Structures are given as structure tokens and as C-alpha cells.
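Read through the structure below, which is laid out as C-alpha cells, and then see the notes.
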Amino acid sequence: MTTCTACGADVSLHDDLEAGEIVDCTTCGVELEVIETAPPVLDRAPELEEDWGE
Amino acid sequence: MTTCTACGADVSLHDDLEAGEIVDCTTCGVELEVIETAPPVLDRAPELEEDWGE
Amino acid sequence: MAGGASTAATTDADDTTAVTETAAAETVTASVIGASGFAGGELLRLLAGHPNFDLQQATSRQRAGKSIGSTHPPLRGTELRYTEPTELESVDVLFAATPHGVSMGHIDAFFDAADTVVDLSADFRLDTAAQYDEWYDGHDAPAYLDRAEYALPELNRENLPGADLIASGGCNATATILGLYPLFEHGILGGETGATDGDGAGEPGGDEQIVVDVKVGSSEGGAGGGAASSHAERSGVVRPYAPTGHRHEAEIEQFLGTSVAFTCHAVDMVRGASATSHVFPDAPVSKGDLWTAYRECYEDEPFVRLAAGGSGVYRYPEPKAVAGTNVAEVGFELDPSNGRVVVFSAIDNVMKGSAGQAVHAANIALGFAETAGLDFAGLHPVGSP
Amino acid sequence: MAGGASTAATTDADDTTAVTETAAAETVTASVIGASGFAGGELLRLLAGHPNFDLQQATSRQRAGKSIGSTHPPLRGTELRYTEPTELESVDVLFAATPHGVSMGHIDAFFDAADTVVDLSADFRLDTAAQYDEWYDGHDAPAYLDRAEYALPELNRENLPGADLIASGGCNATATILGLYPLFEHGILGGETGATDGDGAGEPGGDEQIVVDVKVGSSEGGAGGGAASSHAERSGVVRPYAPTGHRHEAEIEQFLGTSVAFTCHAVDMVRGASATSHVFPDAPVSKGDLWTAYRECYEDEPFVRLAAGGSGVYRYPEPKAVAGTNVAEVGFELDPSNGRVVVFSAIDNVMKGSAGQAVHAANIALGFAETAGLDFAGLHPVGSP
Amino acid sequence: MAGGASTAATTDADDTTAVTETAAAETVTASVIGASGFAGGELLRLLAGHPNFDLQQATSRQRAGKSIGSTHPPLRGTELRYTEPTELESVDVLFAATPHGVSMGHIDAFFDAADTVVDLSADFRLDTAAQYDEWYDGHDAPAYLDRAEYALPELNRENLPGADLIASGGCNATATILGLYPLFEHGILGGETGATDGDGAGEPGGDEQIVVDVKVGSSEGGAGGGAASSHAERSGVVRPYAPTGHRHEAEIEQFLGTSVAFTCHAVDMVRGASATSHVFPDAPVSKGDLWTAYRECYEDEPFVRLAAGGSGVYRYPEPKAVAGTNVAEVGFELDPSNGRVVVFSAIDNVMKGSAGQAVHAANIALGFAETAGLDFAGLHPVGSP
Amino acid sequence: MAGGASTAATTDADDTTAVTETAAAETVTASVIGASGFAGGELLRLLAGHPNFDLQQATSRQRAGKSIGSTHPPLRGTELRYTEPTELESVDVLFAATPHGVSMGHIDAFFDAADTVVDLSADFRLDTAAQYDEWYDGHDAPAYLDRAEYALPELNRENLPGADLIASGGCNATATILGLYPLFEHGILGGETGATDGDGAGEPGGDEQIVVDVKVGSSEGGAGGGAASSHAERSGVVRPYAPTGHRHEAEIEQFLGTSVAFTCHAVDMVRGASATSHVFPDAPVSKGDLWTAYRECYEDEPFVRLAAGGSGVYRYPEPKAVAGTNVAEVGFELDPSNGRVVVFSAIDNVMKGSAGQAVHAANIALGFAETAGLDFAGLHPVGSP
Ligand SMILES: NC(=O)c1ccc[n+]([C@@H]2O[C@H](COP(=O)([O-])OP(=O)(O)OC[C@H]3O[C@@H](n4cnc5c(N)ncnc54)[C@H](OP(=O)(O)O)[C@@H]3O)[C@@H](O)[C@H]2O)c1
Ligand SMILES: NC(=O)c1ccc[n+]([C@@H]2O[C@H](COP(=O)([O-])OP(=O)(O)OC[C@H]3O[C@@H](n4cnc5c(N)ncnc54)[C@H](OP(=O)(O)O)[C@@H]3O)[C@@H](O)[C@H]2O)c1
Ligand SMILES: NC(=O)c1ccc[n+]([C@@H]2O[C@H](COP(=O)([O-])OP(=O)(O)OC[C@H]3O[C@@H](n4cnc5c(N)ncnc54)[C@H](OP(=O)(O)O)[C@@H]3O)[C@@H](O)[C@H]2O)c1
Ligand SMILES: NC(=O)c1ccc[n+]([C@@H]2O[C@H](COP(=O)([O-])OP(=O)(O)OC[C@H]3O[C@@H](n4cnc5c(N)ncnc54)[C@H](OP(=O)(O)O)[C@@H]3O)[C@@H](O)[C@H]2O)c1
Ligand SMILES: [Zn+2]
Ligand SMILES: [Zn+2]
């Protein structure tokens, strides 16, 4: 378990985590980049200016 | 003016027509390929299985 | 203040000038009975933008005294107020957009007030009192049935000049007839006997099974409201509302000379009627034959547009492509696996299906340009209009 | 008889008993391939609420690593993340909700990972490679065609127990077949020859012209998107999108033993498929005959509800009455003027038309209660769901 | 944490345990007054799927004698018929889903028939007769006001166990209060004085200008119908229907201890209410502060789900993500340019906004599992539900 | 053959007479860049029906060679085909309806081809390169910023005659500014300092907190498509898509001289933008004061219509009442409980919000009648247009 940098909730991570992988926080949904794996360190992933509707 | 091979209507074409160009018939909408240019000969363009809604 | 209506007002003023200059026939006076309804409101809108009509009265019993813009937003700012239908003043033309049964009960009063009556209801569409006994609850004024001309101008415009009682074709009937007519006209259906002769009295066709599956918007039901047509109940439906026995079958049969197996569904749109007709010609036809039939029937028609394949998003007729216009889109496809021809036709029921068709017919009857007042080409994109 | 809330109530009781009685077989593991799509997302939702399935993996190539709730709001808060379809772990059951062609290409890998494969695509629905040559672009794994059981449980549930490759019936085919089947079963159509025998290989019927006019929602197109299916272009349509030649004809013909004249329209809803079938029986039938036929076929079915007239707003089948449920509404009307029977059937394409039907079939195959996980009864009012 | 499928899963497990442990109190009898309406129909649906309620009667004056499925498609096949509200039999719990003013006029009769009354109208939500004089047309049974407990369980569940007159919170008020409450609770708004104390009687807040801009679906208007709410007039609207002076302001003010500047728009959906609250805290806050406030208030709530940015299509609360469920989505965003906090909250007005909230409150009052009967997680995709 | 375009042609013919009478300058040539998009298609439609424009070219890179009717149904039957934007011929006026960033990159080429450029994008709306650095990604052609005139004719028509680079106002900005402007103009907001002076450079206002809550249709996103804007995902939403930080804030601030707290929601319609502005004037105002302010500003405006209460169904501004028109509806209500003024404004984003406003501005710049080509008054009933 690691803490989400955006909302502070716990983020559950799977075992064979790789650095650079992108996961999202299941509480707040932000995308987090795996910076280090042991122990896991997460940081806000660079925001893709993804179109989401307009 | 050339005749559409699908619906028989006249198709108006611009001057600097090139072979291989795709135009559509303004009556029936089918896409026509320019086979020859002087005089213009048109044939049904190969149907792209274009998604148009489902 | 602003908008459409004021523009229309200015136009009226100009036209008045024009009238003085040109000739008596140029501008005629008109009133609308049932003007607070959907078809009536559309008539008001069309007449306001029409170069040859000068609108006099708009009737509504429930809203008498209120301005017409209070009901119909496009007419906001217009000075005209609703009057009682019992207080008709003399005009050249009276348009009646009242529920079935009203016109037949007041037809004498209508002719007292006007030289020409254009009726949008079904009251004068059928040829004989017997048909009204069969399909409706009889007829109150059968003497007028002979005098009335059914109006579906693409098929019988030659009957309309000078007509003084015009029965504007019904919405679902118009969509269906426009779709099927070229097949009869070109002998693809109906054998040698089935063709119509323009006065609406076709010979009986063969024993074709013609299935017509119709989808319509909520404005066909009129402005009334009620629990079943509330937004919550009526949204998102594909609801069989007339599985069998729709009264428009009478009109279709009278015109095409063949009966149809007709089913109507309510779908989620406000304006629009779409008819899909499934037919099985006796002899094989090619897509080229179909193009020939439809192009010959409609290529000079100002209000029919063919769409039968092609490319892009809009390949076949669909109601939203004609919303707000007097255009009928007609198209077809051939099913090689069973020789079926599928015919699609799409109209705006409030326009080509009622008010637009009525103005079109009046234009012909009175000698105006056919397309006068009917030149709006529609919108793209548009949602569920 | 069937449907909604009563089913739910009964089910709860039954399941409790069942749970106490049985044992190890009770819970099986399952994964979903194509879980980010519409049918796959529905599977996730159903499995999460199912007493006998324990969800292991959900695959998506494009969203691997993201939580399943990021795509499907009903699953927000769930910890499960998408994995690559190449990293399948061993499970009891694999559901494949991938586009046509994917399952046939990976079927060996699927069976490496799982004992039972339930495929929602068309890849294993047809009996022979020849049919795939005719209707699709051939088949990559024809050896599996014999092994696969088509699943439309109301008609062939006896084939499903123990099946290890299940081809869940297609949405439009399901709606059409459920509507027409009682007519064949009761000899109203098809003469003595046309009846199906439960394994999907009906004898050829007579020369009936069966017209099937279908209206579908946008979710049938999947989660992809594109200019033609954008909200602005797709809203408010009655758009003929498969005028002829729809591939589901193959399934219908295989099951009913007769071909149909099939036309599909896109209308403005997201979930829902509605089939209106117009048929002309050789011998006259009464509405009572029809009720008998449909009741005998469906009165014990948990997921078929009859609606054929009655009163109130909802008189015939319509998609919004079954949205979110695994229920098919089926109804009919008789057209006395021409002997036509009009059959209406309505389903939710994402449920009874795909994910719900797949779970229903899996329930039978694995010996679970048929309605397990499928007891949601729907919403009223509901708009355009 | 909260929401959907995972809750459902957990719930099932818990309930099974609970069931085994407890006993006779397990099932109570219940009736619904106003059962033919939208909120009443939803109650019928929820009670039918609820493990602890046994439905006895459903009243409708207009449909007495008809089956409840004739009105509500999800209940088709159920044997229960509507009865007159004057023929109430004894039950444990009476749910009243009648228009404002009915319950207050019949409250004695309600208590004659039942031990516990759960009222969905506004009749017992306010604390004092004076408030009814100000916001409504006075009160017929002011003696009951003290006895009544307002029910918005997330904020005052401690008041509900054993309550015998429950006033279920209003739809727009619920959405608004759930959105703003954490800001008051954590002192971001309201200074030291504004926090609520759980009995609905907050201290007056500061002079914040809180703007609440609400968008609602057509089911908020009930099942009645009428020209203004007809499909043709109500489709596609963004219509200011309560620009100022909405009665729910009274509830909000009573609960939050501050008035709000409240405006309500009708939009094109059937189910759903969405409140966007724009607030300007006196002291600067960070997004982290907001997350802390909202997570602390709601992370253990089974029916609140936070959505405040993130990725994918569904980033902030929206009604269609919660349609059919008892979940409230709540989220927020910070406007760095002016220190504004924008709070979004979205509910299904027929569920969390009325019937679902009423069942939730009854569950607590009667000692059932809080989520019993309320575990539906919603649909994806879904259109305009 | 048929429909809109040909009708328009007839109209042109009539007008030609007029042209002959008046002066040579009467008709100018025009081309549209980005003509396959939504704003560009609307320009084509408007120019086709405009008495003073003669359309030369319509560009699309993706559809070059195809007819313009293949994309835009109202233009079916028109002979014009798309050309590449690199093959511009000389014209009097060039309309650019390309995404942000395109015009600034090609402005020299545009002026090589045309004397007057009317740009519909945001590329030339702001006064200074610094603003582009702040709100966008900088500017490629800052030298043109001084030359450009922002066009929101109701507020600054005096700047437009003779302008050769016109930056047509943005959709949401137009709705917002038209709603708030009379309050500043009449000193209800902004104290003595905040009034605009007509060139778009207002003095900074006071510290009013102006909350603007906007609801928009899907056509604002353009013709592109994508999963998030697919029909299934975009239907039925009330979705906060720009909770804060919308770029139109820059335009609003530049014009009104005050910043606004701006939030944008996507709702279920295709055409339409509706802005609800909540403001709290320092000094009390009456509803009469408001009427005076708005009437004085707008009573002579051809394209502004006031709606602020009244009777019937349409009491306040709403987008469907102006769909297809160049009209802005503006209205207001006073909240006596807190001194708030709520201002509603509604436009069709494809018309008054882009193409219509651009034509309006061009009409003024070129000395044509202001309303030329813009007289469509809208439809009633209409659904979700
Ligand atoms: N809507 C369509 O798509 C459509 C298509 C084709 C044909 N039509 C035909 O057009 C006619 C009008 O349809 P609609 O949809 O516009 O109906 P509607 O919206 O219900 O309007 C009916 C109008 O008639 C008036 N009216 C009703 N009863 C009357 C009476 N006894 N005497 C005088 N006026 C009366 C009503 O106003 P007051 O009650 O205030 O007087 C109202 O103005 C019908 O015959 C219909 O079949 C309609
Ligand atoms: N929608 C319906 O109403 C309906 C009804 C009946 C049957 N079906 C059938 O159900 C299947 C799924 O339909 P849908 O509507 O859910 O489609 P969809 O929304 O487009 O979803 C397709 C799913 O498959 C995945 N996928 C695509 N190509 C893949 C590949 N080559 N290998 C592995 N995964 C792949 C996609 O995710 P990634 O690309 O991220 O891997 C996505 O999760 C289709 O066969 C369809 O015919 C659908
Ligand atoms: N709809 C919502 O979103 C919502 C949200 C929160 C709260 N509520 C509240 O819930 C209540 C019901 O709302 P609704 O939308 O469901 O209304 P509705 O659809 O109009 O239903 C009202 C019900 O009450 C019955 N009824 C009406 N007058 C009655 C009377 N005098 N005595 C006995 N029964 C009567 C009606 O049936 P008969 O006329 O046949 O008896 C009908 O069953 C209202 O108080 C409303 O404020 C509704
Ligand atoms: N939609 C509205 O409501 C609205 C309102 C106000 C202002 N606007 C502004 O109007 C402009 C157009 O918006 P829209 O909604 O119409 O967008 P759209 O539907 O996406 O259309 C964009 C058009 O520009 C063309 N295009 C794209 N990139 C181009 C390039 N690099 N060079 C040349 N042509 C290019 C496209 O065709 P090809 O790719 O085939 O060339 C298409 O014709 C935008 O600046 C928008 O901000 C729109
Ligand atoms: Zn987080
Ligand atoms: Zn052609």
C-alpha cells in the first residue's frame, strides 16, 4: 500500500510493479507514475491533454 | 459532364481532373474514381468498408 | 426586441408596398384556425415569412387574447393575438389545423369567411362517405367530399390550380406514398393495373404484400400533453403505438390503389416521420432500374431529395436531415438475397407532413411560386429536432 | 410467466437454499477478455454481483494498469486493474467480449487458460466454415465449430449443461428469434417442416416472406467512437444503417430454418434493440391462437415477458422497459385486414443481447441457478437508457 | 470509500451473517401510499427486492383495482393490485409518496394503520410551523413536527434508530447538502459558527455567498404530465424553471445553517439531479485540504462516491453515472484564479433523492443493514436515463 | 433533384435583380476554410442563402474532391466540391473556421488570397501577445493583433465597418457577455469604473464575485468525434467538462473589465449554449431597473430577444428557442432573499456563437444589411436540436 499524492488515499499495487508504469488511484482517479518499486514511490503522472468530451 | 455509373445522373467535374482522383456523385453520393481524363471516364471507386455509425 | 419575428414584420410591410404596385393576385389575406397547435404554429411561422400571404387572424379558444409569441417562440415580438374561432373575419384563404372532425363540422362557416379553405386534418382527404364510415366515425358534410382536392403536389399538382377546398395529405401517408409511388409508376409494383392516375383513384394492385414500418416523433401527437406523452414516459422509446389499423392506411390505399400492411412506432424525436417500406416485386429489378424510376419521378421536384447509398454519414433518408424543411428524402436499397426492395422515406411531419405541404398546395392553387415561403434548407449538425 | 421483481424475490429464496445444500462447485473463477468494452464492462458488473463467480482478471490492451472503475462508473472503488490479454492466468471460465475475429484467432490460448470459454462474438455461432465464408471472411479455427454450442437458452438450454465452448447468441438475432420462434414451434409459420429441433439446425421453412425491421441503440456499435457515431451526428436519428445484408441473418436462418428480409435502423437510445417482425401465415390465426403459442413457449421462462396489448402506457414490448435487465419482452398483434401477424420483441442488447445472455448460458453450463446474478428488474421511469 | 459493485459484494456477505444471527424482527410489513407515482413506484420496486420488507398494499385512487405492473414495467407479473388509500390495513411501516400537503392532512390515519411512517414529501422536513408559513401555505399538523426526524443519513444517522416519523430529505436539498457539508464540517466555510450539529439546526453561518446552480430531470415533476412537460416541449431543454425562490432552500438553510442563492434548471434527462455549488472560502484552501475534508466525511459511507478530477470520461460527478442507484457522487475543483471552490454533486432523484433515501432511513430506523435492498450499482454505458 | 440549395439559388436570382439596381459592390466573393467542420458547414449554409455573397471555395483536407453536400445534408445537390486549403483562389472575403492555432499560422496566406479575413477561432480575439502566453500557448503572428477587431456586434458594431481582420466572438463568451453587459452599462455592476468602452478594453471592475455557470451542447466540440464524445458516452450527461480555467474567461474579462468565476457543463443537446450568471450588485435593484437596463441596451437589436418571466412554457431564455437562429435570448430574475440578480442567456453556438455572428460582423464590415442571410426565426416545437 502506498499513498496517493493527490488525495491521500491508499493505493493498492500489484506485485511485479515496474518503474515507469502508470496506475490510477481508485479513490480520486488521478494517474500516477511508478517512480521507484521497492518500496513503491508514486508521483503524479504528466497530464496528457486528453480530450474527454469537448 | 459525365454520367454516374450508379444512378445515371450527370456528374459535373472540374477542369484539372487527374486520373485516380475520387469524386462523389452529387445525386446518389457514390464515390467514383476518375479512370481517364480526356474525355473523363468514371468508375465506381472500390468501397472502403468505412464505419458509418455502427 | 428582436429576432425572426421583427424581420418578418418588416417583410410584411415591404410586401404590402409590393402588393399595391403589382397585382391583386400577388398578396392574399389568410387566417389560421387552430393556430396554437403544432401544425397551426408552423403555418403562422411559414405565412410570416411568405412573400404572398398577409396573416390576419390566428385562432385559439384556450389562449384567445394572448399573443401568438407566447406559445411559439419563433414568433415572439409579433403583435398578433389569438382570437376565438367563432370570430372569423373575411379573408382570401383559411387554413384549418384543427383535430379530426372539427373542419367537417364548420366547413360552411369556413366558406362564409374565405374563398379558399386549406384543411390539414383528415376530414376531406377520402373520396367517399363510405370510407369515413369504415375508417372514422362517418362524415358530417359528405357533400363537400367531391369538391375537395387531396394535396400531395408531387403526385397530383395538376389538380390543384384553382381548387377551393384542399385536403392536405397526412404525414405518415405522405412519407409512405412518396416512397412507393415510383415503383407503381414504373410498373415495378402493381402490374399493368396498379398505377395511379393522378386523381387518387388507382386501380387495385396485385396481391403484393407491402409492409410499411413507420417511426414517428412526438409532435405527431399535437400540443396536448398527458401522462403517456410526458417527457418521462415518452423519452427514449421505440414504442409500437399503432401496431395495426392506422387510419392513414385509407389514404395510402386510395392513392396507390393497393393496401399496405402498416405499423407505426413512436421513437425519441420531436419532428420527423420515417417510413421503411419492404416490397417484393414480381419481376427482378436492378439498382439501376430503381434509380431510373426514382430519378424520373422526382428529379425536377423542388421538395424531393434522393439518398440511396453513397458515402459519408448520411447515406439514406433520415428525418433529422430534413427537420424544419419541406423536403422529403426518398431512397431505396435492393436485397439480392430475396429480391426485396427496401424503400426509405423521411419527412418533417410538421412541414412536409402538414403545414409545409399545405402551403405548397396553396402556392399552387393560388398561382404563387411553388417554393415560396418554403426555402429553409435545414440544419447540420442537429440533434433530435 | 416471468419477469422482474417477482423473479428477483423467488430467486433470493431459492439461492439461499441452494447455497446451503451444495458446496465446492459453488464458486468458480472467471476472467473477462475485452473488459474495457461495453459488453465486457457489463460482464464485469454482472460477475461482481454474482454469487458463484469470483472475478480474477479483466483485460484491456489500451488501459492495462488502470482500474476497471476508471472506465465503468458502476465499478468505481473496485481495486481490480486491467491486464494485458497476453497475461492470462488460469481460471475456470473465460468470457471473451472482443470484436469479431479475435476469439477465433486465440481460441487455443483461451483453452490453455480456462476449462470453459464463453464467447460473446459471432466467431463460433455458425455451424460450418462454409457459412463463415459466405457471411464473414472465413474462419481461422473451423475445428472448434462442432464443439461450440450456440446459446439462446430459451430455445436450447438442454444443450448447454457441460458445454465448454459457448457461443452466446447475437443481439439482433436474439430479439428476432425470440419473437418468431413460437410461430414456428406452433406451426403458424413454417408448415410441418420448418420447426427447429433445438440444436439450431431447422429444416427449411416454406416461402414465407418474413420482414424484420429492427431498431437499435448506439451501444451496439461498441465503445470505439468515430465521427459517424459522435453525439452530434448520432443523436435523434432514425438512420437505416444496415438496409440489407446484416450478418445476423445467418444466425436467424440457422436457427429458424428460414431466411428473413432484414433491415436495421439506428435510433436515439444507447441500450436497446427492438425487432418488429411482419409475417403472413398461410392459414388464418386468431389472437387467442397467438396467445396460446406464446404462452406455451414462454410462460415458464424467467427472462421472457409477454406484452401484447393490455392497458396503460406500456402495451407492447419496448426496449426501455427492459433496459438494464436480462428480460426479453415479446408481444404480437393481429392485422385483420390482411392476416398479418406483427411480432414485437425488445431486449437490452448489452444484457439479453450479450453479457446477460452469456451469464445465463454459463449459469446453465455450470449448474448454477439460471437467474443467478441476473435479477435486476429494471427502472421506471427511465428515459433513453 | 464507497459505491457500486464492491459494496454490493460486501453487503451480500454481511447480510448473510446478519440473517443467521438475528431473527423475528427480520421481516416487517409495509405499504406504500401514492404507489402509482414515480417515487411510489420506486418504493415498490425497492421493497420487492428487499430482504426485510413484505409489501402489503399499494395505493392509487385513479388506478385502484389495476395491477401495479400495469403502471410500472419492472413489476409486471406481480399479483398485487392498487387499493384506495382510504382502505389501509395494519402494517409495520407506511411509506407515503404523495404530493406536498397530503401526508400532513392524513397523518393521524397513517399512524392508525402503522407504527412507523416514512414520508417522502416535504410535509415534515422543516422544524417549525413558522417555516411552513414562510415557504409553504402553513401546516395542518404542526404537533407532529417535533416528532419527525429529517433523514439524510450521511449527516444524521444517529437520530434515526427508533424514529417513528421520518421525513426523507428532498432531492435537490440532498444533492446540495451532501456537496457542501464537508466544507462546513471542516471549517472551510462557516467560520467557527456554521457547523451543523446533526439535528438539522445549524448555527447561522457567515455572510458567504454560496451560489447553487442545479440541473434536474423530468421525473422530479412526477407522473402527472401536462402540455409544458410533454415530450415535445420538454425535450432538449436547458430551461430555468426555478430561477429563484425554490422551496428546498428552506431545508438547505435549516441543515447547513446558511442560506444559499439557488437556481434550478430543467435539462434533458428523466432521472437525475446535479448541483454545482460555487463558494468562496475566506481563507485559501488547497486541493489536498479539500480531499481531506471530503474523504474524512465520506470515506466510510456506503452511498457516497468521490469524483474530483482523475482520468477517463467520468471525472466529476454526473447523474448518469448514478442512475438507478442510491449513490451520491460528490466532487470538487479549485479555481486558483479567484479562490473559488466548485462543488459538484449528482444523484438519482428517484433514488437517493427520494425512494432510496427513504429506504435507507427506514433500514436504520428499523435496525436492518443500511444497504439492504439498495445494492444496485448502476449501468454503463447508459444514455439519458 | 431538390431541396435547400436549389431553392437558395432561386432566391439568389431574385436578389440579383436587386443587385443590378443598386450597385456593383453589392455582391462579393467568399471562401470558407475549414468548411467540412460544424462552424464551416454553417457558414456554407448561410452564404448559400445570403443575397450578397457568392461562394467560391470550401476547403477540407480530408474530403477534398467530395461534394459539400456529402458532409452537410442541407447542401445536398449543390455542385461545389471541397478543395485543399493550399489552393486558395482570390476572393473578397475569406472565412476561417479552423481549430485554434491554424489561422495565426496562415494569416499571411489568407491575406494573400483575400482583402478581408473573418476568423471564427480564438486566434485574434485577445488584444496582446501576453494574453496568448497566459491563456494559450503563445501567438505566432502577434503583429496582427492590433489590426484585428473583436466582433460582438451588439457591443461594438461601430468598430466593424471597414475592418479587414475580424475576430468573431467565442460562443460561451458571447452568451456570457450579452447577459452581463447591460448590468455594467447601467452601473448595476462595476461601479463607475467597470464599464466597457466599446473597444473591448474595459477598466477593471470592482471585486464582484460573478459566478457564470454554463451548459453547452456537443457541437461545441466540433465534428471530430472520439470515445468520450461518442453517442453512448455523451448522451444524457450533465458533465462538468471545464470546472475552472475555461479559456473564454480571457475574452470575457477583456470585454467586461472584470473576471468571472466560470464553470462549464456538457448537457444533452447538439446546438446550444446557455449561460446562467449569478451576480450580487452592491446596491439594491428592482426588477424594473433591470428591465430598463436590458431594454435600453437591446430593444433595437435585431438579434437579441428579452425573456424574463412572462407566461406559458417559454419564460426565460433557453437554447432550443433559438436553435438555428442568430438570436440571443437574454433574461433575468431578481432574488429578493439575497439581492442576487440571476441572468440567463441562450444562443445557438453554431450561429450566434460562431457562423451567424461572423456573417453578422461581415455584413457590418462590408456595408450590407445587418440581418442579411440571417433571418431564420427558429422552430417550434423542436426537441434537442
Ligand atoms: N402534428 C402533426 O404532425 C400533423 C401532421 C399532419 C396532419 N396533422 C393534422 O393537423 C391538425 C392539427 O394537428 P396538431 O398536431 O397541430 O394538433 P394540436 O397541436 O392539438 O392543435 C390543435 C389546434 O386546434 C385547436 N382546436 C382544437 N379543437 C378545436 C375546436 N373544436 N374548434 C376550434 N379549434 C380547435 C386548438 O386550440 P384551442 O383548443 O385553444 O382552440 C389547437 O390550436 C390535425 O387534424 C392533425 O391530424 C397534424
Ligand atoms: N455491444 C453489443 O451490443 C453487443 C451485442 C452482442 C454481441 N456483442 C459482441 O461482443 C463483442 C464485444 O462488443 P463490444 O460492443 O463490447 O465492443 P467494444 O466496446 O468495442 O469492446 C471491445 C473490447 O475488446 C478489446 N479488444 C479489441 N481488440 C482486441 C484484440 N485484438 N485482442 C484482445 N482484446 C481486444 C477492447 O479493449 P482493448 O482494445 O483495450 O484491448 C475492448 O475491451 C463483439 O464481438 C460484439 O459483436 C456486442
Ligand atoms: N419525483 C421526485 O424526484 C421526488 C423527489 C423527492 C421527493 N419527492 C416527493 O415525493 C412525493 C411524490 O412525488 P412523485 O414525483 O412520485 O409524484 P407523482 O408521480 O405525482 O405521484 C403522486 C402519487 O400520489 C397519489 N396521490 C395524489 N394525491 C393524493 C391524495 N390526495 N391522496 C392519496 N394519494 C394521492 C397519486 O396517485 P392517485 O392520484 O391515483 O391516488 C400518485 O400515486 C412528493 O411529495 C414529492 O415532493 C419526489
Ligand atoms: N463549434 C462551435 O460551437 C464553435 C463556436 C465558436 C467558435 N468556434 C471556432 O470555430 C472553429 C471551428 O470549429 P468547429 O467546431 O467547426 O471545428 P471542426 O468541426 O473540428 O472543424 C474544423 C475544420 O477545420 C479544418 N481543419 C482542421 N485543421 C486544419 C488545418 N491545419 N488547416 C486547414 N484546415 C484545417 C477541418 O477539415 P480538414 O481537417 O478536412 O481540413 C474542418 O473543416 C474553431 O476555431 C472553434 O473554436 C466553434
Ligand atoms: Zn488519489
Ligand atoms: Zn450517381
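Protein chains in written order, with numbering that gives the first Met the number 0: chain A, 0 to 53; chain B, 0 to 53; chain C, 0 to 384; chain D, 0 to 384; chain E, 0 to 384; chain F, 0 to 384.
A virtual CB, placed ideally from N, CA and C, is assigned to each residue, including glycine.
Predicted model only: the values in this text are computed from it and were never measured.
Please list, in chain order, all residues of the same chain as ALA142 of chain D whose beta carbon is under 7 angstroms from its beta carbon, the five residues on each side excluded. Non-local beta-carbon contacts of ALA142 of chain D in its own chain, meaning distances under 7 angstroms to residues more than five positions away in sequence, are absent.
For PHE254 of chain C, count neighbouring Cβ atoms within 10 angstroms of its own Cβ and tell me buried if that reaches 16, exposed if not. Result: buried.
Helix, strand or coil, according to DSSP, for HIS277 of chain E in the structure here? Here HIS277 of chain E sits in strand by DSSP.
Note down the Cα distance separating ARG62 of chain F from HIS105 of chain F, rounded to an integer number of angstroms. The straight-line gap from Cα to Cα measures roughly 20 angstroms.
Closest by CA to GLN356 of chain C, which one among C:VAL27, C:GLU25, C:LEU144, C:LEU46? With distances taken between CA atoms, GLN356 of chain C lies nearest to C:LEU46 out of C:VAL27, C:GLU25, C:LEU144, C:LEU46.
Can you say whether SER89 of chain E is buried or exposed, counting buried as having 16 or more other CB atoms within 10 angstroms of its CB? So SER89 of chain E ends up on the exposed side.
Check whether the region 296 to 310 of chain F and the region 360 to 377 of chain E touch, using three or more Cβ-Cβ pairs below 8 angstroms as the test. No, because fewer than three Cβ pairs between the region 296 to 310 of chain F and the region 360 to 377 of chain E fall closer than 8 angstroms, the two stretches do not touch.
Per the DSSP calculation, CYS263 of chain C is bridged to which residue(s)? The bridge partners DSSP lists for CYS263 of chain C are C:VAL213, C:ALA241.
On the DSSP bridge list, what partners appear for PHE37 of chain C? According to DSSP, PHE37 of chain C bridges with nothing at all.
Mind listing which residues have their beta carbon within less than 6 angstroms of any non-hydrogen atom of ligand 6? Chain order is fine. Going by the Cβ distance cut-off, the answer is B:CYS3, B:ALA5, B:CYS6, B:ALA8, B:CYS24, B:THR26, B:CYS27, B:VAL29.
Relative to ligand 4, is the shortest distance from any of its heavy atoms to the C-beta of PRO98 of chain F smaller than 7 angstroms? Yes - ligand 4 has a heavy atom lying nearer than 7 angstroms to the Cβ of PRO98 of chain F.
Could you pull out every unbroken alpha helix (DSSP H) segment of at least 4 residues lying fully inside the region 115 to 171 of chain F, listed in chain order? DSSP runs (the alpha helix (DSSP H)) wholly in the region 115 to 171 of chain F: 128 to 134, 152 to 155.
Give, in chain order, every residue of the region 17 to 39 of chain A whose Cβ lies closer than 9 angstroms to some Cβ of chain E. Residues of the region 17 to 39 of chain A with a Cβ closer than 9 angstroms to any Cβ of chain E, in chain order: ASP23, CYS24, THR25, THR26, CYS27, GLY28, VAL29, GLU30.
Quick check on this structure: which residue in F:ALA57, F:ASP114, F:ARG75 has the alpha carbon closest to the alpha carbon of VAL29 of chain B? Relative to the Cα of VAL29 of chain B, the nearest Cα in the group F:ALA57, F:ASP114, F:ARG75 belongs to F:ARG75.
What do you get for ILE165 of chain E, buried or exposed, if any count of 16 or more other CB atoms within 10 angstroms of its CB means buried? Looking at its Cβ environment, which holds 16 or more other Cβ atoms inside 10 Å, ILE165 of chain E is buried.
Would you identify the three-state DSSP class for GLU232 of chain D, choosing helix, strand or coil? Per DSSP, reduced to three states, the secondary structure at GLU232 of chain D is helical.
By the DSSP assignment, the alpha helix (DSSP H) with PRO318 of chain D in it spans what residues? Per DSSP, PRO318 of chain D belongs to the alpha helix (DSSP H) from 318 to 321.
Would the C-beta of LEU46 of chain C count as close to ligand 3, meaning under 7 angstroms from any of its heavy atoms? No, ligand 3 has no heavy atom inside 7 angstroms of this Cβ.
Under 7 angstroms Cβ-Cβ, which residues of chain F neighbour HIS105 of chain C? For HIS105 of chain C, there are no neighbours in chain F by C-beta distance under 7 angstroms, as the nearest C-beta there is about 25 angstroms away.
Just by C-beta distance, which residues in the region 265 to 288 of chain F are closer than 7 angstroms to chain E? Taken in chain order, the members of the region 265 to 288 of chain F whose beta-carbon sits within less than 7 angstroms of a beta-carbon on chain E are VAL266, ASP267, MET268, GLY271, SER273, THR275, HIS277, PHE279.
I'd like to confirm something about LEU119 of chain D: is its beta-carbon nearer than 7 angstroms to some heavy atom of ligand 2, or not? It does: the Cβ of LEU119 of chain D is within 7 angstroms (strictly closer) of some heavy atom of ligand 2.
Residues in the same chain with beta-carbon distance under 7 angstroms from ARG412 of chain D, minus the five sequence neighbours each way, listed in chain order, please. No answer is possible for residue 412 of chain D: it lies beyond the span of chain D, which begins at 0 and ends at 384.
Taking THR324 of chain C as the query, report the chain B residues whose CB atoms sit under 9 angstroms from its CB, ordered along the chain. Within chain B, no residue comes near THR324 of chain C; the closest Cβ sits about 18 angstroms away, beyond 9 angstroms.
What's the C-alpha gap between VAL329 of chain C and PRO73 of chain F? Straight-line Cα distance between these residues: approximately 15 angstroms.
Helix, strand or coil: which one does DSSP assign to GLN356 of chain D? Helix at GLN356 of chain D.
Any heavy atom of ligand 3 closer than 7 angstroms to the beta-carbon of PRO72 of chain E? No, Cβ of PRO72 of chain E sits at least 7 angstroms from all heavy atoms of ligand 3.
Look up SER30 of chain D in the DSSP assignment and give the residues it is bridged to. The partner list for SER30 of chain D (beta bridge, DSSP) reads D:GLN56, D:LEU93.
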